[in-house]
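Asks: Chains as they are written, first to last, in full-length UniProt numbering: chain X, 1 to 302; chain Z, 1 to 302; chain V, 1 to 302; chain R, 1 to 302.
Even for Gly, the Cβ is constructed at its ideal location relative to N, Cα and C.
Every value quoted in this text rests on a predicted model; they were computed, and no experiment measured them.
Protein chains: 4
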Amino acid sequence: MPLTDEQRAEIEAQRLAPATTNRPTVPALEALLFKPFELLDHGFVRVVDYMGDDSAVVQAARVSYGRGTKKVSEDTGLIRYLMRHRHSTPFEMCEIKFHVKLPVFVARQWIRHRMANVNEYSARYSILDREFYLPSLDQVSAQSKSNRQGRAASLSPERAAHVLDLLRQDASRCYDHYEEMLDPDGVGLARELARMNLTLNTYTQWYWKADLHNLLHFLSLRADPHAQYEIRVYAEAMIDILRAWVPITCAAFEEYRLGAFTFSAGMLAVLRRQLAGETVDQTNSGLSRREWDEMQAVLQST
Amino acid sequence: MPLTDEQRAEIEAQRLAPATTNRPTVPALEALLFKPFELLDHGFVRVVDYMGDDSAVVQAARVSYGRGTKKVSEDTGLIRYLMRHRHSTPFEMCEIKFHVKLPVFVARQWIRHRMANVNEYSARYSILDREFYLPSLDQVSAQSKSNRQGRAASLSPERAAHVLDLLRQDASRCYDHYEEMLDPDGVGLARELARMNLTLNTYTQWYWKADLHNLLHFLSLRADPHAQYEIRVYAEAMIDILRAWVPITCAAFEEYRLGAFTFSAGMLAVLRRQLAGETVDQTNSGLSRREWDEMQAVLQST
Amino acid sequence: MPLTDEQRAEIEAQRLAPATTNRPTVPALEALLFKPFELLDHGFVRVVDYMGDDSAVVQAARVSYGRGTKKVSEDTGLIRYLMRHRHSTPFEMCEIKFHVKLPVFVARQWIRHRMANVNEYSARYSILDREFYLPSLDQVSAQSKSNRQGRAASLSPERAAHVLDLLRQDASRCYDHYEEMLDPDGVGLARELARMNLTLNTYTQWYWKADLHNLLHFLSLRADPHAQYEIRVYAEAMIDILRAWVPITCAAFEEYRLGAFTFSAGMLAVLRRQLAGETVDQTNSGLSRREWDEMQAVLQST
Amino acid sequence: MPLTDEQRAEIEAQRLAPATTNRPTVPALEALLFKPFELLDHGFVRVVDYMGDDSAVVQAARVSYGRGTKKVSEDTGLIRYLMRHRHSTPFEMCEIKFHVKLPVFVARQWIRHRMANVNEYSARYSILDREFYLPSLDQVSAQSKSNRQGRAASLSPERAAHVLDLLRQDASRCYDHYEEMLDPDGVGLARELARMNLTLNTYTQWYWKADLHNLLHFLSLRADPHAQYEIRVYAEAMIDILRAWVPITCAAFEEYRLGAFTFSAGMLAVLRRQLAGETVDQTNSGLSRREWDEMQAVLQST
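(1) Report back the beta-carbon spacing between residue 209/V and residue 83/R to the nearest angstrom; my notes put them in contact at under 8 Å.
(2) Would you check if the region 101 to 117 of chain R and the region 195 to 214 of chain R touch, i.e. whether three or more CB-CB distances between them fall below 8 Å?
(3) Does residue 135/V come within less than 9 Å of chain Z when only Cβ atoms are used?
(4) With a CB to CB cut of under 7 Å and the five nearest residues on each side skipped, what residues in its chain are close to residue 76/R?
(5) Rounded to a whole number of angstroms, what is the C-alpha to C-alpha distance between residue 128/V and residue 122/V?
(6) DSSP puts residue 38/X in a beta bridge; with which residues?
(7) Closest Cβ-Cβ distance between residue 130/Z and chain V: below 9 Å?
(8) If we ignore side chains and look at the alpha-carbon of each, how far apart do residue 78/X and residue 95/Z end up?
(9) Please report the straight-line C-alpha distance between residue 109/V and residue 170/X, rounded to a whole angstrom.
(10) Out of 179/V, 261/V, 239/V, which one is the CA nearest neighbour of residue 267/X?
(11) Does the beta carbon of residue 83/Z sit closer than 9 Å to a beta carbon anywhere in chain V?
(12) Considering only their Cβ atoms, is the gap separating residue 197/Z from residue 155/V smaller than 9 Å?
(13) What does a CB cutoff of less than 6 Å around residue 42/Z pick up in its chain, not counting 5 residues either side in sequence?
(14) Name the chain X residues that come within less than 7 Å of residue 103/Z, Cβ to Cβ?
(15) Do the CB positions of residue 27/V and residue 57/V come within less than 9 Å of each other?
(16) My output table needs one value for residue 143/R: the three-state DSSP class, helix, strand or coil.
(17) Would you decide whether residue 157/X is buried or exposed? Buried here means 16 or more other CB atoms lie within 10 Å of its CB.
(18) Kindly confirm or deny that the region 6 to 19 of chain V and the region 263 to 280 of chain Z touch, where touching means at least three C-beta pairs closer than 8 Å.
(19) Out of 117/R, 142/R, 19/R, point me to the one whose CA is closest to residue 61/V's CA.
(20) Would residue 108/X count as contacting chain Z if we go by Cβ distances under 9 Å?
(21) Is it buried or exposed for residue 80/R, if we count other Cβ within 10 angstroms and need 16 for buried?
(22) Using DSSP with H/G/I as helix, E/B as strand and the rest coil, what is residue 169/X?
(23) Quick check on residue 305/X: buried or exposed, where buried means 16 or more other Cβ atoms within 10 Å of its Cβ?
(24) Using the beta-carbon of each residue, which ones in chain Z are nearer than 9 Å to residue 238/X?
(25) For a cutoff of 9 Å on Cβ pairs, would you count residue 63/Z as touching chain X?
(26) What do you get for residue 211/Z, buried or exposed, if any count of 16 or more other CB atoms within 10 angstroms of its CB means buried?
(27) Please report how far the alpha carbon of residue 151/R lies from the alpha carbon of residue 251/R, in whole angstroms.
(28) Along the region 192 to 207 of chain V, what residues have a CB closer than 7 Å to any CB found in chain R?
(29) Taking residue 138/Z as the query, report the chain V residues whose CB atoms sit under 9 Å from its CB, ordered along the chain.
(30) DSSP beta-bridge partners for residue 76/R?
(31) Less than 7 Å between C-beta atoms, sequence neighbours within five positions excluded: which residues of the same chain meet that for residue 24/V?
(32) Give the list of continuous alpha helix (DSSP H) stretches no shorter than 4 residues that lie fully inside the region 84 to 124 of chain V.
(33) Tell me the DSSP bridge mates of residue 151/V?
(34) Only counting runs of 4 or more residues, tell me where the alpha helix (DSSP H) segments fall wholly within the region 229 to 289 of chain X, in order along the chain.
(35) Output, in sequence order along the chain, the residues in the region 169 to 183 of chain R whose CB is closer than 8 Å to any CB in chain X.
(36) According to DSSP, what are the bridge partners of residue 208/X?
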């Protein structure tokens with residue numbers, strides 16, 4: 001259970017005092033505000049604040065005095081144009097802030113996205129909760145043979161159960177000793193030292209804030225099928241949030257980024273030959289086996 | 001006159017449709033929202049959106065679930081502590097967006113602050129207005145002899161009038177020829193080329209968005225007495241806006257940054273000798289003449 | 001003439017004292033070091049320092065202790081893989097520093113690339129030279145009707161000559177008055193004010209340093225046919241420098257970035273129908289006219 | 001032992017093929033190049049490449065064509081001026097790249113410095129070594145009562161020995177199970193999952209590259225007495241490297257940053273009263289107890 005009753009009460013209290021504002025406001029996102037999207041076994045992501053909407057992208061692209069055009073069709077066309085031609089600055093004019101609870105090893109991947117603002121719960125200053133990530137049975141997967149940084153099928157139920165036992169026992173014992181070392185009633189070890197005994201699946205949490213351009217970049221990498229499952233579930237929840245917040249931008253993002261594919265110069269040459277009626281296979285394509293397979297996968301998917 | 005009637009009407013229209021939000025809202029800043037602070041002869045700065053408030057700084061520093069403590073005194077103490085010890089990340093959790101109209105030579109200084117988001121009016125795409133900065137008479141100042149990048153006293157009225165004549169005539173003539181080259185009714189020169197004929201005091205405008213930490217950094221450098229007058233007036237107006245938006249942070253900023261002074265190791269050694277009763281002058285201080293003067297200026301100001 | 005004899009002598013003097021280093025060194029780039037590539041009428045770009053080479057990309061990707069593998073084929077394969085899958089951090093491990101002389105309106109575009117380090121010649125502190133950009137006759141082009149931010153054909157010789165006369169006369173007169181206002185022998189106007197009388201084609205110069213990843217991003221945008229000609233010539237010269245510095249990375253960049261094209265989800269659907277033998281035209285493609293034209297242009301180019 | 005014989009051999013091999021370069025070269029840093037500075041029980045930091053020197057700072061500040069002035073005294077004065085007045089861009093013109101081996105909990109602090117380039121050893125792709133940090137006996141310290149994120153005195157020898165036993169046993173057992181789960185000879189758990197069983201004192205390594213300005217910022221925070229001991233030892237070793245690389249900049253950094261202290265507006269008011277002969281104590285100072293203590297500590301240190 002990701003949240004305690006007390007935390008839920010704190011979150012609820014924020015909803016009780018709505019205010020009046022002249023800022024751009026998105027009712028569909030207001031409805032999601034503060035609400036935790038529960039993920040993994042103890043994680044969540046929730047929006048705690050936002051700035052701007054689809055119109056703010058348009059307004060900035062035009063450096064206009066008011067709220068931009070009234071015609072939705074023109075705004076949609078402009079946003080699609082900006083996305084297709086990889087204009088980044090108008091999308092930087094929107095901003096969103098999340099509160100995220102996530103395992104440390106996921107946090108270590110996530111933090112590599114530098115163009116964001118982060119405040120993490122400090123284990124120098126505070127004591128971490130006894131919460132650690134244990135995969136669900138179907139996620140206890142074997143190492144992929146073909147992809148050195150990926151997963152293959154799930155392990156057998158017996159093997160998976162054994163793995164989960166090891167993970168659970170080690171995390172528990174390490175946490176027990178963390179508490180013992182801290183010894184809050186006596187002369188305990190410094191918190192900044194004791195934390196080093198925790199395992200990398202321990203949950204941490206942070207406030208994470210990014211502009212829309214950098215959020216899209218994060219999502220394009222982390223919602224990708226090659227991203228590790230444990231970060232991908234966060235990215236996927238954030239795309240649902242994106243859709244509520246900036247629906248026109250989200251649709252353009254799916255059309256021109258998530259659903260797109262970049263053909264290299266060599267792949268374009270193959271395409272031109274194919275469209276001219278020539279039969280091309282990998283051996284006469286000039287492409288490596290891997291590039292050929294990537295290209296075919298895209299052209300045959302439905 | 002910085003704004004046309006049409007622009008004023010567009011701005012006013014934004015105020016007419018207030019919305020309800022659960023986001024942190026600052027009534028004092030809502031009152032200033034969209035309103036242009038007029039500066040120089042044709043410039044302005046106006047807030048078009050914001051995210052967060054003083055409590056958001058506290059909330060992020062504590063990674064809390066709700067709005068932070070209710071006690072203002074505790075929040076104030078924490079914000080002052082964060083400011084004094086140069087913690088930057090909690091201040092990054094607030095964001096503000098301005099619409100600014102400013103001369104190109106000021107824009108060239110301003111843009112050097114890279115940790116901000118900018119959309120500038122494009123002179124490749126659009127035609128710039130006939131507006132250029134002419135200093136007021138008292139700002140037509142001589143080159144400083146002591147400071148290679150500063151100003152001394154105002155020029156004599158006759159000399160200043162002559163300077164203003166040259167500035168006005170050159171900017172006007174350059175703009176006339178810009179229009180002539182564009183020749184909108186015939187086959188005009190490309191806008192991206194014609195703009196090169198304009199003088200550097202031509203006004204441009206942009207949307208500029210920054211987080212509170214980077215805004216404070218900008219203000220500490222550009223509200224400084226050594227900053228050029230023409231950018232300082234923008235920074236000073238923005239400090240007034242800051243005060244309405246995050247009054248506790250603003251007060252801490254004035255106490256620990258704007259009103260503070262950093263003593264070097266050598267200056268600290270002098271201070272210790274002085275407080276021990278020794279009479280120290282520049283010759284036996286170990287400080288350069290310039291450092292000595294800077295130190296005395298701070299210790300003797302009132 | 002972009003450089004004075006004195007400047008050339010200073011540049012030459014740097015070549016006379018070679019040193020011994022254990023750092024990665026690229027003979028082909030050493031041969032270009034300090035040498036100005038002359039551009040436009042008074043501009044140049046020259047490399048003044050660099051760090052790393054193709055092997056440094058490989059070494060960082062592998063976090064290796066030594067210089068990476070000896071086999072060039074493996075390194076090439078890895079670099080191509082990294083480029084294809086848009087891995088950015090290994091390319092950030094190389095760095096290059098340029099000295100660039102360029103018109104102010106070009107500098108204003110260039111500075112928008114924020115992930116770089118810049119020191120510009122200060123017109124608050126120093127006096128700018130009498131040098132301004134005048135396009136060559138064939139570059140005096142009309143405004144494009146189809147592309148609001150582009151150029152069409154050259155103007156007629158008579159019209160072009162008139163444009164050049166206006167540009168030359170206005171820049172000259174403005175510079176004359178700049179000098180008159182500065183009045184170096186009397187009580188001159190502050191340099192920080194006098195500069196505002198200069199036109200936007202005045203030359204400035206700066207040191208500009210970027211890592212290889214950000215350099216490639218800059219080049220992909222500024223060597224693009226849609227970039228303004230006056231910045232594109234710099235990007236093209238820098239690609240020649242890139243080829244000497246990191247030939248494997250440069251080839252991968254041309255294959256997977258410069259020569260590549262991204263098909264949107266809708267374009268991929270069209271491709272799949274075409275490869276299955278269906279005849280598709282714009283009206284039944286589901287694509288806008290503009291997207292359809294962009295796609296056909298890529299598929300039919302040779 | 002931080003390095004294997006094989007790693008030492010790889011490192012040595014890099015020294016054997018010196019090259020000739022016209023780039024700025026620093027013999028004192030060349031002598032340290034590649035050499036690991038051993039830290040903690042298994043860590044190290046070593047320079048693997050660099051760009052620029054003290055003269056490069058001067059050269060950029062002046063945007064000069066050659067190597068800057070010949071007079072060392074002028075260069076020193078300029079560098080001290082730039083440091084005192086917090087000019088940052090000239091220092092960005094130098095760059096340095098380190099290879100660092102460090103515990104994961106230290107890496108998590110370090111990575112918060114975003115303005116740097118990083119490639120970390122991937123535990124998705126590779127298997128981590130059996131190496132984890134165990135503090136030396138004198139560093140097994142109690143939690144500070146006065147500073148919620150600091151350490152007090154060492155624990156008693158018996159208690160410290162017990163803590164070390166727990167740390168050693170838990171890290172060992174977790175690593176044993178990591179290996180068992182990976183099961184390299186059978187169908188092992190995916191590496192990206194198995195790693196989550198490791199403790200936070202496991203060693204990782206990365207290439208870390210920063211410009212001189214951002215390096216100084218990192219050092220000013222991480223060589224500070226309030227920084228955690230385990231990251232401070234890295235910062236201190238890096239200051240030794242800094243001194244070899246850019247001795248003038250390093251001295252200015254120690255004078256104006258490391259050895260300096262910022263007095264707030266309120267502290268300056270107290271100082272002025274004291275220098276005027278008034279006796280001020282905390283109760284009539286207008287300062288909080290904490291600020292008063294910080295100020296007195298600086299004024300009385302020797």
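Replies: For this structure:
(1) Between residue 209/V and residue 83/R the beta-carbon gap is near 19 Å, outside 8 Å, which marks them as no contact.
(2) Taking 8 Å as the limit for Cβ pairs, the verdict is that the region 101 to 117 of chain R does touch the region 195 to 214 of chain R.
(3) Output row for residue 135/V: interface = yes.
(4) For residue 76/R, where only same-chain residues beyond five positions count, the Cβ hits under 7 Å are 248.
(5) About 8 Å.
(6) Residue 38/X is bridged to 44/X.
(7) Taking a beta-carbon distance threshold of 9 Å, residue 130/Z does not count as an interface residue toward chain V.
(8) Approximately 25 Å, taken between the alpha carbons.
(9) Roughly 56 Å separates the two Cα atoms.
(10) Minimum Cα distance to residue 267/X is reached at 261/V.
(11) Residue 83/Z does not count as touching chain V.
(12) The answer is no: Cβ separation not under 9 Å.
(13) The beta carbon of residue 42/Z lies closer than 6 Å to those of 2, 131, 203 in the same chain, with the five residues before and after it left out.
(14) Chain-ordered listing is empty here: chain X has no CB closer than 7 Å to the CB of residue 103/Z, the nearest sitting near 16 Å.
(15) Not a contact, by the Cβ cut-off of 9 Å.
(16) In the three-state scheme derived from DSSP, where H, G and I count as helix and E and B as strand, residue 143/R is classed as strand.
(17) It is exposed - the Cβ of residue 157/X has fewer than 16 other Cβ atoms within 10 Å.
(18) Taking 8 Å as the limit for Cβ pairs, the verdict is that the region 263 to 280 of chain Z does not touch the region 6 to 19 of chain V.
(19) Of 117/R, 142/R, 19/R, the residue nearest in Cα terms is 117/R.
(20) No, because no Cβ of chain Z sits closer than 9 Å to the Cβ of residue 108/X.
(21) When all chains shown are included, residue 80/R counts as buried.
(22) Residue 169/X: helix per DSSP, three-state reduction.
(23) Because chain X in this structure spans residues 1 to 302, residue 305/X falls outside the shown range and cannot be described.
(24) None at all; the shortest Cβ gap to chain Z is about 17 Å.
(25) Chain X, which has a Cβ nearer than 9 Å to the Cβ of residue 63/Z, makes this yes.
(26) The residue is buried, with at least 16 neighbouring Cβ atoms inside 10 Å.
(27) Between the alpha carbons of residue 151/R and residue 251/R lies a gap of roughly 30 Å.
(28) If the cut-off is 7 Å between Cβ atoms, the region 192 to 207 of chain V has 205, 206, 207 near chain R.
(29) Within 9 Å Cβ-Cβ: nothing; residue 138/Z doesn't reach chain V, min ~12 Å.
(30) In the DSSP output, where bridge partners are listed per residue, residue 76/R has none listed.
(31) Once the five neighbours on either side are set aside, the close Cβ partners of residue 24/V are 52, 53, 55, 56.
(32) Considered as a whole, the region 84 to 124 of chain V harbours 104 to 110 as its complete alpha helix (DSSP H) runs of no fewer than 4 residues, in chain order.
(33) Beta-bridge annotation (DSSP): residue 151/V is paired with 143/V.
(34) DSSP runs (the alpha helix (DSSP H)) wholly in the region 229 to 289 of chain X: 229 to 245, 247 to 253, 265 to 275.
(35) Flagged, chain order: 170, 171, 173, 174, 177, 180, 181, 182.
(36) The partner list for residue 208/X (beta bridge, DSSP) reads 98/X, 118/X.
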